[in-house]
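Q: One structure coming up, written as structure tokens, with questions to follow.
As structure tokens, then:
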């Protein structure tokens, strides 16, 4: 296992961090979990050299922290650092924050949490946490020894990220980042900004929710043609670890074989691990993915709100993602939400308001019907 120094904190961590959200292949919010199997997987990772455990209050229908706490008995707690999170919806004042933290400590069976994160915030979420005194609460809990580091995980625009990271004294930040997200969310620019301030960065969605684990045919052809043979998973993780700004790459594992494969991969990766030829390959892979884009919608939302309730950018985003990553439309979460909220293209009456507002001059009415037909075909 390769280890890295976490920025200004100066502590060592395994490059591979075990994400505790997807045991048994179930996503957050699903209560089905084989507890003994999960405990075995966690200990297998630790025995292999993993020192970073990532969980959250809401994961696996609020059972993830409990299972991790059980797995860290028998001396395993002393071998790892724990990251868990405070969800915005669960707190509204200091008393509720204290109650939540104490509950998480009980579940984890520990007297302190190493990395405590404000969960999944953007600028709006950060302003809410400030309004209830969360920054002061985190600082007080550091002094009390209940948490070691004040952190946040992020989903939002680069502009939001820049505002948040400059608005407080942070010890660590967790961002979504992979070779397809260099210009999305916090972006490469955000990764570099955090590093310039000495703030260690933990990476989530390194495989984009598993979408990069299996390559479509045109992407796989590039991998196959390269003289060095690696799986799409290994290429994605090597690309991330090539960045010196990255401290930890999180990966959720459901089987012992996945733990072992990650241990093998992260025993061979470090900053600067990729050659220039390999970096050019990954640039070509990104372009091959992007060539599968169905429509050039930028998600600017100038077309919204639709007078008839159609979620135009949402439908186009789903259409692109289904094509890029060969996702079965039945399992696309955003598309599922559009259907449940009755925001589909079947409600379009071709009024033309969207096309008049579109800065890309897209043929929205025609393309919307094509997209909806394919997504429901």
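In the working numbering, the protein residues as written are 96 to 472. Ideal Cβ placement from N, Cα and C applies to all residues, glycine included. As the structure is a prediction and not an experimental result, all values here were calculated from the model.
(1) Looking at residue 144 and the ligand MG, is the gap between the Cβ and the nearest heavy atom below 7 Å?
(2) Considering only the alpha carbon of each residue, which of 274, 394, 386 lies closest to residue 336?
(3) If we call anything under 8 Å between Cβ atoms a contact, is residue 186 one with residue 148?
(4) Considering only residues of the same chain and omitting the five flanking positions on each side of residue 229, which have a CB-CB separation below 8 Å?
(5) I'd like to check one pair, residue 202 with residue 160: are the Cβ atoms closer than 8 Å?
(6) Where does residue 98 fall in DSSP's three states?
(7) If you draw a straight line from the C-alpha of residue 145 to the C-alpha of residue 361, how long is it?
(8) Can you round the beta-carbon distance between residue 405 and residue 348 to whole angstroms, since I take them to be within the 8 Å contact cut?
(9) Is residue 294 buried or exposed, if buried means 16 or more other CB atoms sit within 10 Å of its CB?
(10) Considering only C-alpha positions, which residue in the set 395, 389, 422, 304 is nearest to residue 466?
(11) Out of 236, 163, 244, 276, which one is the CA nearest neighbour of residue 139?
(12) From the DSSP output, read off the bridge partner residues of residue 178.
(13) Go ahead and pull the three-state DSSP assignment for residue 246.
(14) If we require 4 or more residues per run, which alpha helix (DSSP H) segments fall completely within the segment 385-417?
(15) Is residue 274 helix, strand or coil by DSSP?
(16) With a threshold of 6 Å on Cβ separation, who are the neighbours of residue 377 within its own chain once the five nearest residues in sequence on each side are excluded?
(17) Would you check if there are 3 or more beta carbon pairs closer than 8 Å linking the segment 353-360 to the segment 412-422?
(18) Let me check understanding here. Comparing Cα to Cα, which of 319, 426, 154 lies closest to residue 305?
(19) What is the DSSP secondary structure of residue 283, counted as helix, strand or coil?
(20) Is the Cβ of residue 334 closer than 8 Å to any Cβ of chain C?
(21) Residue ranges of each alpha helix (DSSP H) run of no fewer than 4 residues wholly in the segment 299-373, ordered along the chain?
(22) Give the secondary structure of residue 106 by DSSP, where H, G and I count as helix, E and B as strand, and everything else as coil.
(23) Give, in chain order, every unbroken run of the alpha helix (DSSP H) that is at least 4 residues long and sits entirely within the segment 215-271.
(24) Is the CB-CB distance between residue 401 and residue 407 below 8 Å?
(25) Quick one: what does DSSP say residue 297 is sitting in, helix, strand or coil?
(26) Which of the three DSSP states is assigned to residue 164 in this structure?
(27) Alpha carbon to alpha carbon, how far is residue 459 from residue 446? Give it in angstroms, no decimals.
(28) Using the rule of at least 16 other Cβ atoms within 10 Å of the residue's Cβ for burial, across every protein chain shown, is residue 385 buried or exposed?
(29) Under 8 Å between the Cβ atoms of residue 298 and residue 343?
(30) Taking the alpha carbon of residue 311 as the reference point, which residue from 383, 235, 223 has its own alpha carbon closest?
(31) Of the choices 449, 263, 456, whose alpha-carbon is the least far from that of residue 234?
(32) How many angstroms separate the CA atom of residue 108 from the CA atom of residue 296?
(33) Which residues in the same chain have their Cβ closer than 8 Å to the Cβ of residue 165, if we skip the five residues on either side of it in sequence?
(34) Within 10 angstroms of its Cβ, does residue 248 collect 16 or more other Cβ (buried), or is it exposed?
A: By the coordinates alone:
(1) Looking at this structure, you won't find the ligand MG or any other ligand, since it has none at all.
(2) With distances taken between Cα atoms, residue 336 lies closest to 274.
(3) No, they are not a contact pair.
(4) Only 181, 186, 192, 213 meet the Cβ criterion.
(5) It is a contact, given that the beta carbons lie within the stated cut-off.
(6) When secondary structure is reduced to three states using DSSP, residue 98 falls in the strand class.
(7) So the alpha carbons of these two residues sit roughly 10 Å apart.
(8) 39 Å between Cβ atoms; not a contact.
(9) That one is buried.
(10) When only C-alpha atoms are compared, the closest one is 389.
(11) Ranked by Cα distance from residue 139, the first of 236, 163, 244, 276 is 163.
(12) Answer is 149, 210, bridged to residue 178.
(13) Per DSSP, reduced to three states, the secondary structure at residue 246 is strand.
(14) The qualifying runs do not exist here; there are none.
(15) DSSP places residue 274 in coil when its eight states are reduced to three.
(16) Here the set comprises 274, 334.
(17) Contact between the segment 353-360 and the segment 412-422 is absent, because fewer than three Cβ pairs lie under 8 Å.
(18) Among 319, 426, 154, the Cα nearest to that of residue 305 is on 426.
(19) Looking at residue 283 - three-state DSSP - the assignment turns out to be helix.
(20) The displayed structure is made up of one protein chain only, and chain C is not part of it.
(21) Qualifying alpha helix (DSSP H) stretches, in chain order: 312-320, 327-336, 351-360.
(22) In the structure shown, residue 106 sits in coil (DSSP, three-state: anything other than H, G, I, E or B).
(23) Complete alpha helix (DSSP H) runs here, min 4: 218-226, 229-239, 253-261.
(24) One thing to note: residue 401 has its Cβ within 8 Å of the Cβ of residue 407.
(25) Strand, per DSSP.
(26) Taken through DSSP and simplified to helix, strand or coil, residue 164 comes out as helix.
(27) Their Cα atoms are separated by approximately 11 Å.
(28) Result: exposed.
(29) Cβ distance < 8 Å, so residue 298 and residue 343 count as in contact.
(30) Among 383, 235, 223, the Cα nearest to that of residue 311 is on 383.
(31) In this structure, 263 is the residue among 449, 263, 456 with its C-alpha nearest to the C-alpha of residue 234.
(32) Residue 108 and residue 296: Cα-Cα distance of roughly 12 Å.
(33) So the qualifying residues of the chain are 130, 134, 204.
(34) Residue 248 is buried by the Cβ-count criterion.
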